[in-house]
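Residue numbers (the numbering used here), protein chains in the order written: chain A, -10 to 373; chain B, 118 to 445.
We put the CB at the ideal spot given by N, CA and C, even for glycine.
Predicted, not measured: the structure shown is a model, and the values here were computed from it.
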Amino acid sequence: MGTEATDVGSDVPLVQLVAPDGARVTTAENAAYRDRVAHLTGEDLRRMYRDMVLTRRFDDEATALQRQGELALYAQGKGQEAAQVGSGRALAPQDYVFPSYREHGVLQVRGVDPVDRLRLFRGEDHGGWDPAATNTHLYTLVIGSQALHATGYAMGVQRDGLVGTGDPGRDTAVVVYFGDGATSQGDVNEGLVFAAVNNAPVVFFCQNNQWAISEPTTRQARVPIYKRGEGFGVPSVRVDGNDVLACYAVTAEALERAHSGGGPTFVEAFTYRMGAHTTSDDPTRYRDRAEEDYWRKRDPIDRLAALLRAEDAWDDAWAAELDAEAEALGERLRREVRELGAPPTSAMFDEVYATPHAQVDEERAWLARYEEETQGDESQEVAR
Amino acid sequence: MTAQKLTFARAITEGLRASLESDERVLLMGEDIGRLGGVFRVTDGLQKDFGEDRVVDTPLAESGIVGTAIGLALRGYRSVCEIQFDGFVFPAFDQITTQLAKMRYRSRGRLEMPVVIRIPYGGGIGAVEHHSESPEALFAHTAGLRVVSPSTPQDAYDMIRAAVASPDPVIYLEPKGRYWSKDDVDLDAAPAEGVLDRARVARPGSDVTLVAYGPTVATALKAADALAAEGTSAEVVDLRAVSPIDFPTVVDSVRRTGRCVVVHEAPVFHGVGGEVAARVTEECFYALEAPVLRVGGFHAPYPVAKLEHDYLPSVERVLDAVDRSLSF
Ligand SMILES: Cc1ncc(C[n+]2csc(CCOP(=O)(O)OP(=O)(O)O)c2C)c(N)n1
Chain A
-10 MGTEATDVGS DVPLVQLVAP DGARVTTAEN AAYRDRVAHL TGEDLRRMYR DMVLTRRFDD
50 EATALQRQGE LALYAQGKGQ EAAQVGSGRA LAPQDYVFPS YREHGVLQVR GVDPVDRLRL
110 FRGEDHGGWD PAATNTHLYT LVIGSQALHA TGYAMGVQRD GLVGTGDPGR DTAVVVYFGD
170 GATSQGDVNE GLVFAAVNNA PVVFFCQNNQ WAISEPTTRQ ARVPIYKRGE GFGVPSVRVD
230 GNDVLACYAV TAEALERAHS GGGPTFVEAF TYRMGAHTTS DDPTRYRDRA EEDYWRKRDP
290 IDRLAALLRA EDAWDDAWAA ELDAEAEALG ERLRREVREL GAPPTSAMFD EVYATPHAQV
350 DEERAWLARY EEETQGDESQ EVAR
Chain B
118 MTAQKLTFAR AITEGLRASL ESDERVLLMG EDIGRLGGVF RVTDGLQKDF GEDRVVDTPL
178 AESGIVGTAI GLALRGYRSV CEIQFDGFVF PAFDQITTQL AKMRYRSRGR LEMPVVIRIP
238 YGGGIGAVEH HSESPEALFA HTAGLRVVSP STPQDAYDMI RAAVASPDPV IYLEPKGRYW
298 SKDDVDLDAA PAEGVLDRAR VARPGSDVTL VAYGPTVATA LKAADALAAE GTSAEVVDLR
358 AVSPIDFPTV VDSVRRTGRC VVVHEAPVFH GVGGEVAARV TEECFYALEA PVLRVGGFHA
418 PYPVAKLEHD YLPSVERVLD AVDRSLSF
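Structure below.
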């Protein structure tokens, strides 16, 4: 592999079901995982492809909107669509997701509205959507914090008696997403401790995209990242994160374990952040073109397209429709994101507390009065 | 009224018991709180009565305790987290300030965080490093948290029940030096209205207002006794909460007395007393006969036990401040 410089253990075997050229991979080791995708039809694969294409389009549009000054910041997910869509598609509706901040593909699968996904980056909201509507928590920006929230949530699920009921419509699991850098955080490690001793139904889904801003994985660990789970007694697996079927299969396995009372799993999806860390980042300062080229040839969307074609599941009319759908998504984002206004000034005081807090109430009233009294003073201020 | 004499610690135990009984989604979490009953025995007997799933001995990781309590809250549970000692809350400081305090706000009220963090705090017990600190200002400076500290067994009982029932996260600071003090507690009384945000006049007076909370209320009351013997009538206001602060009660008192001394164990520098002093100055400017004075800890790490009685605000230092105020 061309990533020796950045990766720890790039030679470690990983679960792969589809090779970069789109051919199915059949080995003795992946037999159990092949079984987990055997039921997926051409239509299922096309649905995954659609999710990935729409996620890529969302990414490109959001990046462009940031460049035009419409977003304060944007964290691109480009290159990680297979890890996100594959794992997301394995979830049951009642399963709960705790994303980090780059999981636009997971939100796509969960049905979080594309405009709502950008409210945070627009500077219009610190969250942006109703978590209860899609069982998808808000983005968390403090690296690794959500690993504990997910574990606590899973402990609640256990107390609700929704593990091991045998009813696939009721058994509930939790998936938490985080990056390779996050695995160094105490909260991720504490999450693994709490999940392990409580046998909590939670899947730790680490997308190793090789970089934590400018720091390669070698700055986080001297063993392959998935080995970290093993140290906590948590079954752990490394999967080809650019292979949507393999990501689906390992997540399905982990969810089955969680649902049935088998406890947590650690998944390392070995992938690549094709874009910059965020729109504020300049990756040319820390990584070379050759590495980016290496991974560009392993683009997860190209791989699924090749599989669809190889298996005669590709349909030109359908592909044209998808193009049009992506176009419409872009057009909608360009229009509606611009239309997102600013909340009223007083909103900065809303929901600080559920119950009245004297100082918040006073300051809200003070600012309202101040604004009212100084209205029309702007011209003076400029003159001064 | 079926009042009984209970220690401060036992009053909290009974408050927790009442909370566990009245709502099956209430959980207790912490280190050594189960079989042992906590290092101060505040949860004594509760695991036996409510089971290991509701009174949970957690791994030894404070961020993990608070972080999982947040997740449990998202699933509809109300966790009461015990931090073993004041100086050990800091591994959880990130979860408390960046997550717990902001979850409601950042979700525009869609997510509720009914989480209580119980922290034995304060000094005077001859302890080793990290076991005697008063970190309340650090929490009070964070919007989204309620920060309270009871000073009597009855308030301890009422306020813990109110804290557990609160939809907001509450930092519940237990003055550990008072754990073994006893007083009448009426376990059947409905919690007094507003115990989490209304100050209490612990002793009425007319010459000077002593503002205190938690462990220093007892100090202020002793100082008031001594002052009474000298013919000075001191009013003692027990804030109960340092976020929010019930300024109307303080201001009303100082407008009558014209003098104000704030007493807390935490360092004076950047402390709650500074906030009270600023506010009293703003609102009582023409009623004040003297500047607001503060008595508290110094801007030095909490000292060794052999020196703590020179660090903590003593009755004598309160009296000295009152003398300075009166002679202005
Ligand atoms: C606690 C904390 N420290 C630092 C940061 C700043 N920061 C934001 S993203 C990031 C790198 C995260 O890398 P990784 O966990 O691998 O996830 P990725 O961004 O690659 O998806 C850093 C250092 C932060 N958000 N939170």
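For residue j and residue i, the rounded distance between their alpha carbons
| i | j | result |
| --- | --- | --- |
| Ala162 of chain A | Gly251 of chain A | 11 angstroms |
| Gly154 of chain B | Thr336 of chain B | 29 angstroms |
| Val74 of chain A | Gln97 of chain A | 8 angstroms |
| Leu329 of chain A | Ser136 of chain B | 44 angstroms |
| Ala299 of chain A | Gly150 of chain A | 45 angstroms |
| Arg112 of chain B | Asn231 of chain A | Nothing can be reported for residue 112 of chain B: it is not among the residues displayed for chain B, which extend from 118 to 445. |
| Ile150 of chain B | Glu70 of chain A | 45 angstroms |
| Ala447 of chain B | Tyr63 of chain A | Nothing about residue 447 of chain B can be reported from this structure: the residues present for chain B run from 118 to 445 only. |
| Glu250 of chain B | Gly240 of chain B | 6 angstroms |
| Gln65 of chain A | Thr207 of chain A | 22 angstroms |
| Gly243 of chain B | Leu424 of chain B | 9 angstroms |
| Asn198 of chain A | Glu141 of chain B | 43 angstroms |
| Lys219 of chain B | Ala306 of chain A | 48 angstroms |
| Tyr38 of chain A | Ala315 of chain A | 12 angstroms |
| Val26 of chain A | Leu234 of chain A | 7 angstroms |
| Val192 of chain A | Val421 of chain B | 46 angstroms |
| Gln291 of chain A | Leu34 of chain A | Gln is not the amino acid found at residue 291 of chain A; the sequence shown has Asp there. So the two alpha carbons sit approximately 13 angstroms from each other. |
| Ala354 of chain A | Val412 of chain B | 32 angstroms |
| Phe167 of chain A | Glu320 of chain A | 30 angstroms |
| Gly147 of chain B | Glu169 of chain B | 12 angstroms |
| Val223 of chain A | Gln147 of chain A | 18 angstroms |
| Val439 of chain B | Val379 of chain B | 10 angstroms |
| Met41 of chain A | Gly264 of chain A | 16 angstroms |
| Ile236 of chain B | Glu199 of chain B | 6 angstroms |
| Gln196 of chain A | Asp369 of chain B | 59 angstroms |
| Pro231 of chain B | Phe415 of chain B | 34 angstroms |
| Leu145 of chain B | Arg23 of chain A | 44 angstroms |
Extent of the continuous alpha helix (DSSP H) to which residue i belongs
| i | result |
| --- | --- |
| Met144 of chain A | 134 to 148 |
| Ser180 of chain B | 179 to 191 |
Span of the beta strand (DSSP E) around residue i
| i | result |
| --- | --- |
| Lys299 of chain B | 299 to 303 |
| Asp174 of chain B | 172 to 174 |
| Ala319 of chain B | 317 to 320 |
| Gly413 of chain B | 410 to 414 |
| Pro237 of chain B | 233 to 238 |
| His467 of chain B | Because chain B spans 118 through 445 in this model, residue 467 of chain B falls outside it and cannot be assessed. |
| Leu327 of chain B | 325 to 329 |
| Phe259 of chain A | 254 to 259 |
Residue i: CB within 8 angstroms of a non-hydrogen atom of ligand 1
| i | result |
| --- | --- |
| Ala201 of chain A | yes |
| Val74 of chain A | no |
| Phe194 of chain A | no |
| His266 of chain A | yes |
| Ile132 of chain A | yes |
| Ala171 of chain A | yes |
| Ala64 of chain A | yes |
| Arg262 of chain A | yes |
| Gln174 of chain A | yes |
| Gly168 of chain A | yes |
| Asn198 of chain A | yes |
Residue i CB to nearest heavy atom of ligand 3 below 8 angstroms
| i | result |
| --- | --- |
| Ser89 of chain A | With respect to small molecules bound, the structure shown includes ligand 1 and not ligand 3. |
| query | Does the segment 121 to 141 of chain A come within contact of the segment 207 to 221 of chain B, defined as at least 3 CB pairs closer than 8 angstroms? | reply | yes
| request: Take every Cβ of the segment 218 to 231 of chain B, pair it with every Cβ of the segment 317 to 333 of chain B, and state whether three or more of those distances are shorter than 8 angstroms. | output: no
| query | Of all the residues that make up the segment 107 to 125 of chain A, which are near chain B by a beta-carbon distance shorter than 8 angstroms? | reply | Asp114, His115, Gly116, Asp119, Pro120, Ala121
| said: Below 8 angstroms, how does it come out for the segment 74 to 89 of chain A and the segment 300 to 318 of chain A: are there three or more Cβ pairs, yes or no? | reply: no
| said: Under 8 angstroms: do the segment 49 to 56 of chain A and the segment 336 to 344 of chain A share three or more Cβ pairs, one atom per stretch? | reply: no
| task | Would you check if the segment 256 to 263 of chain B and the segment 335 to 350 of chain B touch, i.e. whether three or more CB-CB distances between them fall below 8 angstroms? | result | no
| Residues from the segment 201 to 227 of chain B in contact with chain A, defined by Cβ distance under 8 angstroms | Pro208, Asp211, Gln212, Thr215, Gln216, Lys219, Arg221, Tyr222, Arg223, Ser224, Arg225, Gly226, Arg227
| Interfacial residues, the segment 167 to 184 of chain A to chain B, with Cβ spacing under 8 angstroms | Gly175, Asp176, Glu179, Gly180, Val182, Phe183
| Does the segment 279 to 299 of chain B come within contact of the segment 351 to 362 of chain A, defined as at least 3 CB pairs closer than 8 angstroms? | no
| query | Using a beta-carbon distance cut-off of less than 7 angstroms, what residues from the segment 61 to 93 of chain A approach chain B? | reply | none
| task | Check whether the segment 203 to 210 of chain B touches the segment 175 to 187 of chain B, counting contact only when three or more Cβ pairs, one atom from each stretch, lie closer than 8 angstroms. | result | yes
| task | Select from the segment 126 to 156 of chain A all residues with a C-beta closer than 9 angstroms to any C-beta belonging to chain B, and list them in chain order. | result | His126, Leu127, Thr129, Leu130, Val131, Ser134, Gln135, Ala136, Leu137, His138, Ala139, Thr140, Gly141, Tyr142, Ala143, Met144, Gly145, Val146, Gln147, Arg148, Asp149
| request: Select from the segment 157 to 185 of chain B all residues with a C-beta closer than 7 angstroms to any C-beta belonging to chain A, and list them in chain order. | output: Asp170, Pro176, Ala178, Ser180, Gly181, Gly184, Thr185
| message | By the 8 angstroms beta-carbon criterion, what residues does the segment 311 to 342 of chain A contribute toward chain B? | response | Asp339, Glu340, Val341, Tyr342
| message | So if I threshold CB-CB distances at 8 angstroms, which residues from the segment 347 to 359 of chain B count as touching chain A? | response | none
| the segment 402 to 418 of chain B touching the segment 309 to 324 of chain B, judged by at least three CB pairs closer than 8 angstroms | no
| Can you list, in chain order, the residues of the segment 329 to 348 of chain B whose Cβ is nearer than 8 angstroms to any Cβ on chain A? | none
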